[in-house]
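Below you'll find the structure, written out as structure tokens, and then a few comments.
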Amino acid sequence: MYEFLEGFHKRMQLTAVVDALINRRKKKPEIEDQIGDKPFENLIFSVLVFIMEKTLTEDEECTLRNISFFVRDLLNNYYNDPSSDEKSLEVTEYIVKTILQFDGVAMYYPVMNYENGKWEELRVKIIDEKVMETTKGYKSIYSLTDQGYDFLFRTKEVDNELSFSVEEFKLRELIKRKNYKKALNQSNSLVQMVRQKKRDLEQYILSAKENIYGIDISKFDELIDSTFKLLSDEYEILGGIQNTVKISEMRIRDEYNLSGRLMDDMKKAQQELYQISRNLSSARQEQSKLINKREGSYKILISTIEDTFRYVLEKRFDFEKEVLKKMELSEEKDIKNLWRIFNPLFHVEPFRNFNLGLAYRAQSLMKESTEEVEPGIPMDELSEDQENIRAQRVNQTYLLILESMAEAAEREGGETTFRTYCEVFMENELKWKEITRDNLLFTTLLKLYEIENIDIKAWRESDENILINQTDEFNMDYLLYRLEEDSELYRHLDRISFTKIEGDCFELRISEEKSNVLWRKKIDFDNILIKVVKSNG
Amino acid sequence: MDSIRTAMAIFKVLMEKGQLERENDSELFVRYSEPEIQDILNEMSEEMDCELLRIKDTIYLIPDYDNTMLGFRNKDVREWIGANARMSDVFLGYYMTALILNLFYGGKNRDPKQREFLNLTTIIEELDTRIQRILSNEEQAGEMEKEYSLNFKNIALIWDSKRVFEDGSRISTKLGFLLKVLRLLQLEGLIQIAENEKEIRTTRKLDDLMIHYYLNDSRINELHEIFKEEK
């Protein structure tokens, strides 16, 4: 390999970003043409610098709205394109989402890594988007990625030959802009980073012990050497920033000497600088300990671990082939199993299965064999199936009422009263519950009373076709058809009639459990005479 | 005894929230790494048919694919689509979910996450393209039998008959149906729908689970089981 091509793939990072911004893949001429090709490129870079400034110098959030105000100002004052709020918002959305975020799609640029002789895909990601929940929904806050900072700094702020970490540079820039509050946060995060570095190092050593066979020793030495160099460089840079802090402190002291007093904001700045200074010295101390141990830097080590363990060792299946394609081959009967595909991703909600109400439901004796409940989506829980099940249940109850009334009358020598029927039937608690559920017994009796005479013989002789489309409505034709099929007694009946017995009333008390609540009702009834006429008279 | 108590406390949080974060439960998070506590938790999760997984600063409780006790159930699917849902609607909902996951995480080995956000129109267009592929090949019925089930062809017709949009966003329109599915995914903490309902983004939970667990090749047997059971 040519020595001068070492690190070439890193150089190409700059080209990758420029390519993504200049050779825009999804151009919208209707927006760009009004401003012009080159002016539009100027506008894109201006927006990037605006996002950088917002993130570095102010505590304000950088939202689409903030950016669109900036774009409107630029268009009005520098681009000869007076714009309304609406239009500048449209231009901003286009720049931020389509150009800087590539419509949300990950963007890659092929680069040659001469060190291993392989083409690599370099990810281009210029801005970060953090989504925050607000009372109205979600709001996006934009900031530059480290790649974005690196790119912008190199266009103006720093000389190419300087090597530094972006975090450190941000701190220096913040102090330069006298944004001590943010600089303090930045210095805090530097301290955390160094501590994290220590933890990661320990983690790496642990992983190395566990996966000793997977580690290339020559690479390990290389890593240690390069890490040591990196740490030394960072140590120097932090020293430089400490000097900048000292200069800022001296500036404040000079001001105090001149005016004889310190304003509140200057006092605050002094405190913040003091804190930054303390953070920097503790960061340097931690770094110096690490350097002394020559144990490596987190950047290289962690990226090695991540690359090795996350992206190389973890093979991933082809979702299109293994899920989508197979779903396309699924038949309707298979749908009830498909919930299993998504089960690991959905919320854990044990409480719907462990709720207290279950303990209070009617209990039954424990049997030796418990019925296996088929997991998954029972088909019958879908509404169409549920309607069918309800219609079936209601019709069964109609049949039970009609048959039991005829039987009761026949038992009593051809006629009985509704009062007697109820008194006898109540003794069979289970069946009584069944026929009084949803007041079915009483609504059925009202219908029968309205019909008054059911001429079974005439129906039998009529030869009319009936429509067997089961619903929960009281369909006399359908019920007679079923009774003729299933009931020996009905096959010998010619007529059944229901007539009111004047002046004979009685009271019924029934109880029903609905949603774990027991309802008690009192119903007053006129007594009804139920009379059956058999075929032989 | 202390270890059992701590393991129970960890499991309680996981049962309540489905995840335990370093930020909110730092003490429990740190103690999770103790081998004795891990042993207890492993036994508990084995008995409960679930898996505990630490991804960066979060520990997730992931129900096994056929766990009906902790996972989601038919009730959710009904709420998802609506009271008059037919099986074809439920299937379309599942297929749409799978399609969205594929659009976000179809990157296979290189970098599974392919997008930061996804426009609703892109989802509809993608589904339209797939459906058109089936419908335009309708005359070559013999070939299609191999590629698509009768059921799926039926779904294709149902989707194709829906209008793109009309006021009221009912499930009879493409956009209305898509929003139904998206709202459930949002409720499950997997995606965020933008305020203007034009685009969606994935949550950290979905990114974590998809990249570090769900798409792992080691799960392929589970998927084979699911589709085998159907046959």
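Residue numbers (the working numbering), protein chains in the order written: chain A, -11 to 525; chain B, 232 to 462. Cβ coordinates follow ideal geometry from the N, Cα and C atoms, glycine included. Note that the coordinates shown come from a computational prediction; the quantities given were computed from them, not determined experimentally.
In this structure, the beta-carbon distance from A/E108 to A/E(-6) does not fall below 8 Å.
Taken atom to atom, the span from the alpha-carbon of A/E415 to that of A/N427 is near 18 Å. DSSP lists no beta-bridge partner residue for A/N463. One thing to note: A/V520 has its Cβ no nearer than 8 Å to the Cβ of A/E411.
Here B/P343 carries a coil assignment [DSSP, helix/strand/coil].
Residue environment for A/A446: exposed (fewer than 16 other C-beta atoms within 10 angstroms of its C-beta). Taking all protein chains in view, the Cβ of B/Y379 is crowded by 16 or more other Cβ atoms within 10 Å, so the residue is classified as buried. For A/E103, no beta strand (DSSP E) segment is defined, and its DSSP state is neither H nor E. Contact with chain B is absent for A/F58, since none of that chain's Cβ atoms lies less than 8 Å from the residue's Cβ. In the three-state DSSP reduction, A/T133 falls in the coil class, being neither helix nor strand. Within 7 Å of the CB of A/P70, no CB atom of chain B is found; the nearest one sits about 26 Å away.
The Cβ-Cβ distance between B/L446 and A/R304 falls below 8 Å. By the criterion of a C-beta distance shorter than 8 Å, A/E400 is surrounded in its chain by T408, once the five residues flanking it on both sides are discounted.
For the C-beta of B/D233, not a single chain A residue is nearer than 7 Å; the gap to the nearest is close to 25 Å. With respect to chain A, the C-beta atom of B/D359 has no partner C-beta closer than 8 Å.
For B/N333, the enclosing alpha helix (DSSP H) covers residues M318 to Y336. Under the three-state reduction of DSSP output, A/T123 falls in the coil class, being neither helix nor strand. Taking 8 Å as the CB threshold, B/A238 stays off the interface with chain A. Under the three-state reduction of DSSP, A/S128 is assigned to strand.
By the C-beta criterion, the segment 432 to 446 of chain A is judged not to be in contact with the segment 236 to 244 of chain B, since fewer than 3 inter-stretch pairs fall below 8 Å. With a threshold of 8 Å between beta carbons, A/M(-11) makes no contact with chain B. The three-state secondary structure of B/M239, taken from DSSP, is helix.
Comparing alpha carbon positions, the residue from A/L226, A/K127 and A/L162 closest to B/I431 is A/K127.
Per DSSP, A/E310 lies in no alpha helix (DSSP H) and is assigned neither H nor E.
Against chain A, a Cβ distance below 9 Å from B/P266 picks out nothing, because the smallest value is about 13 Å. In this structure, DSSP gives A/I114 a state outside helix and strand, which the three-state scheme calls coil.
The beta carbon of B/F260 lies closer than 8 Å to those of L251, E252, R253, D288 and I290 in the same chain, with the five residues before and after it left out. Judged by beta-carbon spacing, B/N385 lies within the 8 Å limit of B/S319, meaning their Cβ atoms are closer than that value. Residue nearest to A/P98 within the set A/T3, A/D91, A/I115 and A/L44 is A/T3 (criterion: CA-CA distance).
The three-state reading of DSSP puts A/C493 in strand, counting E and B together. Note that the C-beta distance between A/L52 and A/E81 is below 8 Å. In this chain, the beta strand (DSSP E) harbouring B/P294 covers T289 to P294.
Put simply, the segment 72 to 87 of chain A does not touch the segment 317 to 335 of chain B. Fewer than three CB pairs are less than 8 Å apart. Unbroken beta strand (DSSP E) runs of no fewer than 3 residues, entirely contained in the segment 367 to 454 of chain A, are found at 403 to 405 and 441 to 443, following chain order.
Counting C-beta pairs closer than 8 Å gives fewer than three between the segment 12 to 24 of chain A and the segment 113 to 126 of chain A, which falls short of the contact rule.
Rounded to the nearest whole angstrom, the C-alpha separation of A/L36 and B/Y444 is 35 Å.
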